[in-house]
Every structure is written in C-alpha cells, then in structure tokens.
Ligand SMILES: Cc1ncc(COP(=O)(O)O)c(C=O)c1O
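In the working numbering, the protein residues as written are 1479 to 1886.
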C-alpha cells in the first residue's frame, strides 16, 4: 500500500501556515473531511436524541455511525463504545464504577510508564475503598516496561491492571498482550490506555487482551471526543452513577448528559479519513469489496511504516548532533522522541524552535511518574512527535533548529 504524504498534507488546512507540526502527540490538526462533517451536521440541523422529528433522527444516526466507526478503528463492538469528553474523564468514570466492586482485600496494578490519566483515577478509587496499589516499574536505561514483573505484581487479590499501549513521552509500546495475560490468569481486568497508540499502529483490542481500551479522537485527526471500548457483556456487569431518567442500557448508561453530536459526526469522518490514508493519491484506489475495518488495518500499517521512516531520521539526526539526551530506546516504540539538549531548559528549547516555526512540547506531558523517576520533574524534556501528516522537511527543520542551539 502506498503512502502519499503530499496528498495527505493537502487535506490539512492548518499546515498551510508553514509550521512544522511536531506537536501531534498532544493533539493533531484536523483534515477537511472532518471539518466538513462537523459543519454539515450543524447545517443540516440536529436535535437531541429520541425525538419524533427529523433533526432528532439525524442525531440518532450520527451516534450510531460514530460508535460503528470507533468499533472498526480498534476492532471492537458497536454497543461496547462509550463516548465521553476526554480519556481522563472516562478513566474517572470507569474507575468510579468499577471500584464499587472492590474491597480492602483487593489490589490493583498501575505502571510508572503511563500518562497520569491512567494512574491517578485508579489510585484515588483504590484509596476510597482501601484497596492496595502496586506499581510496575520502567527500566530507566531502555525505557521498557518489562512484562515479566507482572508475574510478581499480579495475584489472586488483583482486580485490575491499568497499562498504556504506548507512552506519550518516550513512545515505549509494552507487551500489553502478555501483561493482560497475567491479569486474566487471575480473573482481573485490564484497562488499556490506547490514547497514544491508536494514531500510530493498527489496533486490535482482542489481540491486546484489553478489557477496556481508551482512545481520544483528537489524537487521530478528529474532534475533542474520547471513547472507551469494551465488550458490551462486560459493561453489563458495571453500574455507574447516573441520572434516574437516562437510559439504563449499555453503552448509554455510561454517557452522562448530552453527547456532542456534531463532533461525533467528525469522529466518523476522522475514522474514514484514517481508513483512506493508505490509498490517497494512489491510482488503484481502495481494494474493491474491502470492509472499512480491513481498509483501516491496511492504512494504519502504511501509516506505521511512513512514521517509522521519519522517526528513524529524527532519532539518527538527534544522535549525530551530540549533546542531546534521548530518553528511552524501547524495541517497540511509537514515533515520539523525548529529549533534552545539554542542560538547556526544555521550555527554552521549545521557544527557540517555535521561533523557527517548529511546534514541539516541553514539560512532563503528564507522564508525571515517569518524569519523576527519570529525575526530570515537571520541567520534563522536549517532545517531538511524528504523526502521519509529517514529512522529511518537518524533521529536518527540527534538527537544524537544535543544531543551531548546540553551536551557540
Ligand atoms: C497516553 C495518553 N493517555 C491519556 C491522555 C489523556 O487524554 P485526554 O486528553 O483525552 O484526557 C493523553 C493525552 O495527552 C495521552 O497522551
């Protein structure tokens, strides 16, 4: 499958400002079909769900289509897709609901690699019921989260293992299937943070062993909406706090208040956009008869290859510059570089790059625990993240901007 990055970039109006958008790990830009889908929903007229009139029916359809789209993206079931405002809000929602079944005899396992949104809600929920929290540690030399440690961490008292599918700081993609295997062997659940992984690789939640898989559409060219995907049969066993008149059915009972209908139209368009990335600009077009799920898997494989080449260019370039400390060198990594330039303050590096039209993040990026153990604290490091619309020139501009700093 081909990957025509110029054709991809042409779909993103924001890129016309000429900046090198290497901040995608904190949120991607949005392509024309997504912008159009959101505008079209508002233009057509939408109403709240379940009414007797056409505008309400349009919202019913938008929600159903968005659930189907996210299910296709991650290999889930339509009725197992729960929408919410952010992965953080959903982690709180799910942790509150799941922890109702925990007692002081129970334990949970969190990891030092995770974004704080897949740590703190679980710790706070465990604290309320008096459950014990165990920590999986990161190998600070390699940046790996060794799966074998879960043999010791997980036991008959474990109720839940929360782990990321990819670090939003150092990129590490742990062996989630093995970790989930340890959880399942003792009847525990595995809550997987897929926020950073989803934009970069083909995702199959069954293969990962994820009982819950969180993803945020704004990380993959969509609007600011998140979803947690689970087996509807599992969701049936969980009861959240909810309003009396709102639906008791799954997945609706987990969705508090009115959903952002126009944005959900954008979510579907974003999934369709991802599904088409691998054939954009190709003469042969999509494979005839392929389902959207099949097109997503093929397209995301093409995205992964495109991003891997750019990431190699970035990592090699940083190594050649000298005076750059790159954190983490895990065998399987999302294309996200977390580094410092000599003893320079990361924010000063980010400001220097911004003055050259290069967008990068500085700080701990909420990889709070990881930055603590790396000794970086909240100043953290500089983060440059590759996404599918980046190209060689984005990487080269970053490298020359840093080279300039080192020479000075
Ligand atoms: C790995 C990871 N998990 C969770 C989050 C939080 O997502 P949200 O902003 O949807 O709460 C982020 C956001 O940066 C992230 O990168």
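For glycine and all other residues, C-beta sits at the position ideal for the given N, C-alpha and C.
- One residue list follows from the rule of a beta carbon closer than 5 Å to any heavy atom of ligand 1, given in chain order as 1564, 1565, 1566, 1593, 1595, 1646, 1671, 1673, 1674, 1694, 1704.
- Close CB contacts of residue 1616 within its chain, under the 8 Å cut and outside five residues either way in sequence, are with 1589, 1590, 1591, 1622, 1623, 1650, 1848, 1851 (chain order).
- Going by DSSP, residue 1600 is part of the alpha helix (DSSP H) stretching over 1598–1607.
- A direct Cα-Cα distance of roughly 11 Å separates residue 1771 from residue 1754.
- Among the bridge pairs identified by DSSP, residue 1499 is matched with 1837.
- Around residue 1519, the same chain offers 1540, 1739, 1740, 1743 as residues with beta carbons nearer than 7 Å, after the five sequence neighbours per side are excluded.
- When the Cα atoms are used, residue 1814 and residue 1532 turn out to be separated by approximately 45 Å.
- Beta-bridge pairing by DSSP links residue 1863 to 1501, 1814.
- Annotation: residue 1671 is outside any alpha helix (DSSP H); the continuous beta strand (DSSP E) that includes it extends over 1667–1671.
- By the neighbour-count criterion, in which a residue is buried when 16 or more other Cβ atoms sit within 10 angstroms of its Cβ, residue 1566 is buried.
- Comparing C-alpha distances from residue 1816 to each of 1547, 1853, 1832, 1859 shows the shortest one belongs to 1859.
- The three-state secondary structure of residue 1636, taken from DSSP, is strand.
- When secondary structure is reduced to three states using DSSP, residue 1698 falls in the coil class, being assigned neither helix nor strand.
- For residue 1847, no pairing in a beta bridge is given by DSSP.
- Sequence-distant partners of residue 1538 (beyond 5 residues in either direction) whose C-beta falls short of 8 Å from its own C-beta, in its chain, are 1527, 1528.
- For residue 1749, the enclosing alpha helix (DSSP H) covers residues 1739–1754.
- Closest option to residue 1493, judged by alpha-carbon separation, among 1510, 1504, 1882, 1480: 1510.
- Exposure of residue 1884 is indicated by the presence of fewer than 16 other C-beta atoms within 10 angstroms of its C-beta.
- Assigned with DSSP and collapsed to three states, residue 1613 falls in strand.
- Setting aside the 5 residues that flank it on each side, residue 1791 is surrounded in the same chain by 1873, each with a C-beta closer than 6 Å to its C-beta; the list follows chain order.
- By DSSP's assignment, residue 1586 forms a beta bridge with 1611, 1638.
- Secondary structure at residue 1567: helix, using DSSP grouped into helix, strand and coil.
- The alpha carbon of residue 1663 has as its nearest neighbour, out of 1643, 1784, 1632, the alpha carbon of 1632.
- Burial state of residue 1751 is buried, judged by a 10 Å Cβ sphere holding 16 or more other Cβ atoms.
- C-alpha of residue 1801 to C-alpha of residue 1769: approximately 48 Å in a straight line.
- Assignment of residue 1795 by DSSP, reduced to helix, strand and coil, places it in the helix class.
- Excluding residues up to 5 positions away in sequence, 1802, 1804, 1815, 1817, 1877, 1880 lie with their Cβ nearer than 8 Å to the Cβ of residue 1796 in the same chain.
- A residue is called buried once 16 or more other Cβ atoms fall within 10 Å of its Cβ, and residue 1496, having fewer, is exposed.
- Beta-bridge annotation (DSSP): residue 1508 is not paired with any residue.
- Counting only the Cα atoms, residue 1643 lies some 11 Å from residue 1687.
- Under DSSP, residue 1786 takes part in no beta bridge, so it has no partner.
- Going by beta carbons, residue 1698 and residue 1723 fall outside the 7 Å limit.
- When secondary structure is reduced to three states using DSSP, residue 1520 falls in the helix class.
- Judged by DSSP secondary structure, residue 1631 falls within the alpha helix (DSSP H) whose first and last residues are 1628–1631.
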